[in-house]
Amino acid sequence: MDQFSYLNNANPAYVDELYQKFLENPDSVDADWKDFFKGYDFAGNAGVSSGNGLSDKEVNIIKLIHGYRSRGHLIADTNPVRQRRKHKSDLELGYFGLKESDFETEYESGSEINCGKAKLKTILEHLKKTYCGSIGVEFMYIRNEKLRQWLYREMESCGNSPVFSENEKLDMLQKLGHAVIFENFLQTKYVGKKRFSLEGLEVLIPALDQCIRVSAGLGVKEFVLGMPHRGRLNVLVNIFQKSYENVFSEFEENVVSDFLNTGGDVKYHLGKSADVVTEEGHKVHLNLVPNPSHLEAVSPVLQGIVHGKKQDRYENDSNQILPIVLHGDAAIAGQGINYEVANFSEIDGYNNGGTIHIVLNNQIGFTANYKETRTSVYCTDLAKVTESPVFHVNADDTQAVIHAMRMAVKIRQEFHCDVYIDILGYRKYGHNEGDEPRFTQPLLYKSIAKHSNVYDICLEKLCKDKVITKEQASEYTKEFKANLQS
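Letter by letter, the sequence shown follows residues 54 to 539 in our numbering.
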């Protein structure tokens with residue numbers, strides 16, 4: 054149920070009557086109304102006078118705000134290769150008793166979303182930017198008021214579009230370049246060899262990099278990562294610092310290397326540990342758990358590892374060790390083990406202080422369209438079991454993905470709960486590089502064939518913003534490709 058459904062159906066006169074009661078005695082109204090009026094009074098104390106009561110229009114705008122907070126994700130621009138599925142969002146102005154002729158009128162309710170007294174047009178634009186852009190957020194079912202208020206402030210203060218420095222933008226571009234060029238190199242040099250590429254979701258690499266760096270700055274000393282086969286080779290070289298030579302040698306079937314002690318497992322199931330120093334100077338330990346082959350089976354294995362280390366090495370302090378689990382969209386919705394792990398996650402004796410879940414959502418399960426793999430609106434709907442926030446993000450918008458990741462890390466460290474980041478992208482090839490996906494998904498792959506990769510999209514944006522020139526970027530990529538060849 055919508056956390057603020059009491060607003061959607063409220064009569065303005067009734068709301069005003071309740072507000073007067075609240076002013077006389079805050080404890081005389083229900084807890085939900087009390088929380089709402091507290092927020093309104095907080096805005097008033099910050100420099101906005103709400104007068105002796107709330108007008109009908111002011112109440113309607115508050116309802117509009119809560120409508121976008123609750124359902125804006127249903128119309129967010131999160132899908133890079135398809136028109137998003139149509140859902141009834143009930144966000145038309147008329148639904149809230151408003152109309153376009155109200156656009157130029159200023160309302161005190163703008164202070165609720167950090168706009169101060171503002172025109173309805175400005176309020177609506179800010180709501181659409183915050184909740185219907187490249188990030189769609191589900192969080193209004195969360196009963197933890199402090200977490201909801203934290204999310205309001207974090208997202209609405211910047212319209213879910215924070216300002217990044219030039220150095221931060223160049224760092225994102227570099228990480229994307231490493232991921233994209235590595236995949237292109239493997240596709241060219243080892244044609245048809247199975248590697249379960251990350252292409253279409255290469256934004257994972259700068260996202261994981263940010264996860265580690267931000268977490269380390271908040272006290273995390275160790276990261277335990279569980280993931281399936283897709284994208285593992287890219288993560289191994291670009292996050293866990295496995296050498297390119299080692300990876301390439303695993304593709305050479307006639308090469309036997311003394312340093313490869315794999316136990317006969319395939320290269321895209323191998324784990325690795327590494328001690329690294331972040332760019333900010335924090336020393337951290339990274340552990341990639343070997344993949345037990347069956348989808349999602351790694352999740353309980355990882356949670357057990359984290360729980361043991363938390364007790365043995367970190368005096369039961371979950372803020373020092375962070376579990377991260379990567380999922381496919383079909384697997385997270387389809388494998389029952391995910392629901393079991395979620396239901397155990399906050400029980401004493403199993404609680405690890407929250408897990409960051411990253412869904413590599415390529416909108417397809419083997420050959421099945423996403424509509425054929427689940428009934429739920431989102432593949433992440435199991436997040437509601439633990440009342441965890443979910444960020445649905447467009448994989449083509451690197452800055453949006455980084456922003457979502459930074460918020461996820463801060464939430465986990467402060468509120469000790471699971472957080473889900475659903476990155477919507479695509480799978481450039483078939484289930485593996487030997488499959489032909491056009492036989493089963495011709496329309497989707499017609500769209501994918503025309504789609505630019507995320508590096509080119511990011512580069513175009515940075516060139517437009519005069520952060521870098523294409524000539525400068527070309528020099529860098531040329532140098533990196535030469536390094537791979539050598």
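Where a beta carbon is used, it is the ideal one built from N, C-alpha and C, also for glycine.
Within its chain, find whatever has a CB closer than 6 Å to the CB of residue i; leave out the 5 residues flanking it on each side and keep chain order.
i: A383; result: G418, T426
i: V277; result: N340, L355, I358, V359, P376
i: A436; result: V443, Y473
i: G100; result: Any reading at G100 needs caution, since the residue's pLDDT is 36, under 50, leaving its predicted position unreliable; the model's value is listed next. Within the same chain, G100 has no close Cβ partners at all.
i: P215; result: H456
i: R283; result: F249
i: Y479; result: V134, G253, N415, I501
i: L204; result: F192
i: K320; result: E303
Cα-Cα, which of the options is closest to residue i?
i: R266; options: A350, I292, H445, N197; result: I292
i: A461; options: N340, G334, D475, K531; result: D475
i: G245; options: K514, E486, F235; result: E486
i: I176; options: L200, Q525, E209, T439; result: E209
i: G387; options: I374, A350, Q373; result: A350
i: M193; options: K228, K139, Y121; result: Y121
i: G334; options: L271, H282, L286; result: L271
i: Y498; options: N422, R283, D450; result: N422
i: D434; options: E467, T451, N391; result: N391
i: L239; options: G212, T420, S302; result: S302
i: S218; options: K74, G150, D518; result: D518
i: F149; options: K139, S539, T131, L117; result: L117
i: E191; options: Y482, A129, S346; result: A129
i: V273; options: Y243, D80, E467; result: E467
i: L144; options: R135, P133, I115; result: I115
i: K247; options: H484, Q525, R138; result: H484
i: K424; options: S500, E77, L229, R138; result: R138
i: R465; options: Y243, I374, L537; result: I374
i: E207; options: A526, G389, N167; result: N167
i: V430; options: D488, E305, S539, H140; result: H140
i: E332; options: R285, Q263, G402; result: Q263
i: T131; options: I188, P79, S142; result: I188
Please confirm whether residue i and residue j have their CB atoms less than 8 Å apart.
i: N415; j: C432; result: no
i: V520; j: K110; result: no
i: A453; j: L477; result: no
i: L229; j: T451; result: yes
i: H179; j: G212; result: yes
i: G253; j: K481; result: yes
i: V329; j: V342; result: no
i: P281; j: G381; result: yes
i: L251; j: N287; result: yes
i: Q294; j: A327; result: yes
i: L550; j: A526; result: In this structure the chain extends from 54 to 539, so residue 550 is not present and cannot be described.
So, at 8 Å on beta carbons, what are the nonlocal neighbours of residue i in its own chain, with the 5 sequence-adjacent residues on each side left out?
i: F312; result: A caution first: F312 carries a pLDDT of 46, below 50, which makes its placement in the model unreliable, though a value can still be read off. Contacts found: N299.
i: L71; result: V82, W86, F90
i: I385; result: E349, N391, H410, V412, C432, T433, L435
i: L537; result: I234, F235, F238, Y297
With which residues is residue i paired in a DSSP beta bridge?
i: H380; result: V412
i: F276; result: L339, L375
i: G189; result: H445
i: N422; result: I417
i: K325; result: L341
i: K523; result: Looking at the DSSP assignment, K523 forms no beta bridge with any residue, so it has no partner.
i: V330; result: K336
i: A171; result: Y160
i: D475; result: V412, H445
Any heavy atom of the ligand MG inside 7 Å of the beta-carbon of residue i?
i: G212; result: Although the ligand MG was asked about, the structure shown includes no ligands whatsoever.
Going by beta carbon distance, what residues of the same chain come within less than 7 Å of residue i, once the five residues before and after it are set aside?
i: H469; result: S371, G406, G407
i: M369; result: The identity of residue 369 in the sequence shown is Asn, whereas the question assumes Met. Cβ neighbours of N369 beyond the five flanking positions: K363.
i: V290; result: F235, Y297, V300
i: L515; result: K222, L226, I521
i: V378; result: G279, S352, L355, T408, H410
i: K172; result: F156, E157, T158, E159
i: F95; result: Caution applies to F95, whose pLDDT of 46 falls short of 50 and renders its modelled position unreliable; the value that the coordinates give is listed next. Hits under 7 Å: none found.
Answer with yes or no whether the minimum CB distance from residue i to chain C is below 8 Å.
i: N299; result: Structure shown: chain C not included; a single protein chain is present.
Meets three-Cβ-pair contact criterion under 8 Å: the stretch 356-364 and the stretch 257-272 = no
Report yes or no: do the stretch 436-447 and the stretch 154-168 share at least 3 C-beta pairs separated by less than 8 Å?
-> no
Please confirm if the stretch 508-526 is in contact with the stretch 229-248, defined as three or more CB-CB distances below 8 Å between the two stretches.
-> yes
The stretch 380-397 in contact with the stretch 448-465 per 3-pair CB rule at 8 Å = no
Report yes or no: do the stretch 115-134 and the stretch 167-187 share at least 3 C-beta pairs separated by less than 8 Å?
-> yes
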